[in-house]
Amino acid sequence: MKEEQIKQAFSKVKQDISFLSEEISNIKTETQEIKTLIKGLHEELNNQKLHEIAQNQTSTLRHITSTDPATSTVPQEIEGLNSPNLGISIGNQGASTDRQTLRQTDRQQENEGISPVSSIESNIQKASDILDSLDQLKKEIRLKFKRITAQEMSVFSTIYLLEEQNKQPTTYRETALKLGLSESSIRDYVQRMINKGIPVKKQRVNNRQILLSISKELKKIATLSTIIKLRAL
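Going by numbering that gives the first Met the number 0, the letters in the sequence shown line up with residues 0 to 232, in that order.
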């Protein structure tokens, strides 16, 4: 009997080691995907900035060429040339007009560059905030489930799976039969988990039967496999 128990214990240890190795590999993959996403967002931002700079330079050159009498005969389609000589003006009025034109062009260039770049930066910030929020939620879930015992985790997992399988809340009796334990033991484990902040819900029906379920809010955030992974870290 003891030999059989030892074999089962070693088998369980091997399974746990295999499971942990797989989970570590999955976490590394997820981390790499997040890094790739952030890198892609930065590249998109840089490309957008370069595109805006090129557009603004072209717009400025065309505007100056079309308003300067000395260079008005130069075709506007020609791009990439050196800036024309802006020192030629007709008296003080001409110089004032040139300066006003340049100031208007600068303001136009700034206004044209703000919206697209700010939009991308805003999206990157939102993505970063979401990742931070998810990371914080994972930490909270991990800490809560680290506090419960292996047997309590077994009861939690069984309630979760029975609810998913039957598409409805389960009972103390069903959970006890599934685990080969007494109903009083299940009641005790459930109450301990609730006291530790684990979101197991109890609903009384017809003033006698208690239905057990897992918080829908928790299910939206993390699946059972994710919870098991976080607890194993």
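The C-beta atom is built at its ideal place from N, Cα and C for all residues, glycine as well.
Classify residue i: buried if its beta carbon has 16 or more other beta carbons within 10 angstroms, exposed otherwise.
{"i": "residue 204", "result": "exposed"}
{"i": "residue 162", "result": "buried"}
{"i": "residue 3", "result": "exposed"}
{"i": "residue 222", "result": "exposed"}
{"i": "residue 226", "result": "buried"}
{"i": "residue 76", "result": "With a pLDDT of 41 at residue 76, under the threshold of 50, the modelled position of this residue cannot be trusted, and the question is left open."}
{"i": "residue 145", "result": "exposed"}
{"i": "residue 193", "result": "exposed"}
{"i": "residue 125", "result": "exposed"}
{"i": "residue 228", "result": "buried"}
{"i": "residue 217", "result": "buried"}
{"i": "residue 21", "result": "exposed"}
Roughly how many angstroms lie between the CA atoms of residue i and residue j, to the nearest whole one?
{"i": "residue 141", "j": "residue 23", "result": "15 Å"}
{"i": "residue 190", "j": "residue 196", "result": "10 Å"}
{"i": "residue 166", "j": "residue 173", "result": "14 Å"}
{"i": "residue 169", "j": "residue 152", "result": "16 Å"}
{"i": "residue 220", "j": "residue 147", "result": "19 Å"}
{"i": "residue 119", "j": "residue 42", "result": "11 Å"}
{"i": "residue 230", "j": "residue 133", "result": "16 Å"}
{"i": "residue 16", "j": "residue 122", "result": "40 Å"}
{"i": "residue 178", "j": "residue 208", "result": "19 Å"}
{"i": "residue 171", "j": "residue 224", "result": "23 Å"}
{"i": "residue 143", "j": "residue 129", "result": "21 Å"}
{"i": "residue 232", "j": "residue 150", "result": "18 Å"}
{"i": "residue 135", "j": "residue 176", "result": "36 Å"}
{"i": "residue 154", "j": "residue 181", "result": "12 Å"}
{"i": "residue 139", "j": "residue 206", "result": "34 Å"}
So residue i is in the beta strand (DSSP E); what residue range does that whole segment cover?
{"i": "residue 211", "result": "208-213"}
{"i": "residue 203", "result": "199-204"}
Over the uninterrupted alpha helix (DSSP H) stretch that includes residue i, give me the two end residues.
{"i": "residue 172", "result": "171-178"}
{"i": "residue 224", "result": "223-231"}
{"i": "residue 193", "result": "182-194"}
{"i": "residue 157", "result": "149-165"}
Would you check if the segment 140-159 and the segment 175-195 touch, i.e. whether three or more CB-CB distances between them fall below 8 Å? yes
Counting Cβ pairs closer than 8 Å, one from the segment 194-203 and one from the segment 212-220, do we hit at least three? yes
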